[in-house]
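Reviewing the structure listed below.
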Amino acid sequence: RKVSRKKKGSANRKKAINRLGRTHLKISRQREEHAKRLARCVIRSNDLVAYEDLRVKNLVKNHCLAKSINDAGWYQFREWLEYFGQKFSRVTVAVHPAYTSQNCSDCGEVVKKSLSTRTHICKCGCQLDRDHNAARNILTRALGTVGHTGTLLNAWGDLSSTLPGSDLVEQDGSLIQESPLL
Ligand SMILES: [Zn+2]
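Quick note on my numbering: the sequence shown kicks off at 157 and runs consecutively.
Listed below in structure tokens is the structure:
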């Protein structure tokens, strides 16, 4: 706003543009620093860290979510996770993201829910926060993957790219393929 209030071509406008640029730079450095610190903390306090192999680029195509995803710096966070995973010899596993929020983490039943449904409630009596339920599914899948491939020490890094069918999922709001691992 300050920039647009200044006269075009004026020295003050240039100054304001410069100030704006520095503010953006500061914020992006803060974001990077936050991602790094959080990733380091998560890695140091766990032996294995599992997360969804999200196609950030596809998610960003969803305009409703794009801003918050870019803001959150998901991709940076994941990069730091994998970096610290190697550094501190922790296993990091990227799992196939299909149905992690729709499946019941207790009985495996599919419980359909939209993005706005924040609680997972299953017929089997399992009632969890949506993210808690998804986290349990992600962990189960990760442990299954590690056991399945037997590459515990090599499980970090590029495991995600070797997962069968990991390229099958479209994340533009429609998850069609079931994970072949399940
Ligand atoms: Zn259930």
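The beta carbon of each residue, even a glycine, is placed where N, CA and C say it ideally should be.
Given that a residue counts as buried once 16 or more other Cβ atoms are within 10 Å of its Cβ, and exposed if not, what is Asp-323? With a pLDDT of 41 at Asp-323, under the threshold of 50, the predicted position of this residue should be treated as unreliable, though the coordinate-derived value follows. Sixteen is the threshold: since fewer than 16 other Cβ atoms of the shown chains lie within 10 Å of the Cβ of Asp-323, the residue is exposed.
With distances taken between CB atoms, is the gap from Arg-292 to Arg-274 smaller than 8 Å? Not a contact, by the Cβ cut-off of 8 Å.
For Thr-296, name the three-state secondary structure that DSSP assigns. Three-state DSSP puts Thr-296 in a helix.
Where does Trp-312 land, buried or exposed, given buried means 16+ other C-beta within 10 angstroms? Reliability fails at Trp-312, whose pLDDT of 44 lies under 50, so the model's placement of it is uncertain and no value is given.
heavy atom of ligand 1 below 7 Å from His-285 C-beta: The question names His, but residue 285 is Asp in the sequence shown. No, since every heavy atom of ligand 1 falls outside the 7 Å radius drawn around the Cβ of Asp-285.
Glu-188 CB to nearest heavy atom of ligand 1 below 7 Å: For Glu-188, the Cβ stays outside the 7 Å cut-off from all heavy atoms of ligand 1.
On the three-state DSSP scale, how would you describe Glu-208? Residue state, collapsed to three classes: strand.
Between the segment 234 to 252 and the segment 216 to 223, can you find at least three pairs of beta-carbon atoms closer than 8 Å? At 8 Å Cβ cutoff, the stretches do not touch.
To the nearest angstrom, how far is it from the Cα of Ala-250 to the Cα of Gly-241? Gly-241 has its alpha-carbon roughly 12 Å from the corresponding atom of Ala-250.
Are the CB atoms of Gln-283 and Lys-269 within a distance shorter than 8 Å? Contact flag unset, no.
Give me the Cα-Cα distance between Arg-157 and Arg-193, rounded to the nearest whole angstrom. Looking at the two C-alpha atoms, the distance is approximately 32 Å.
Given this structure, state the Cα-to-Cα distance separating Thr-256 from Arg-178, to the nearest angstrom. Thr-256 and Arg-178 have their C-alpha atoms spaced approximately 40 Å apart.
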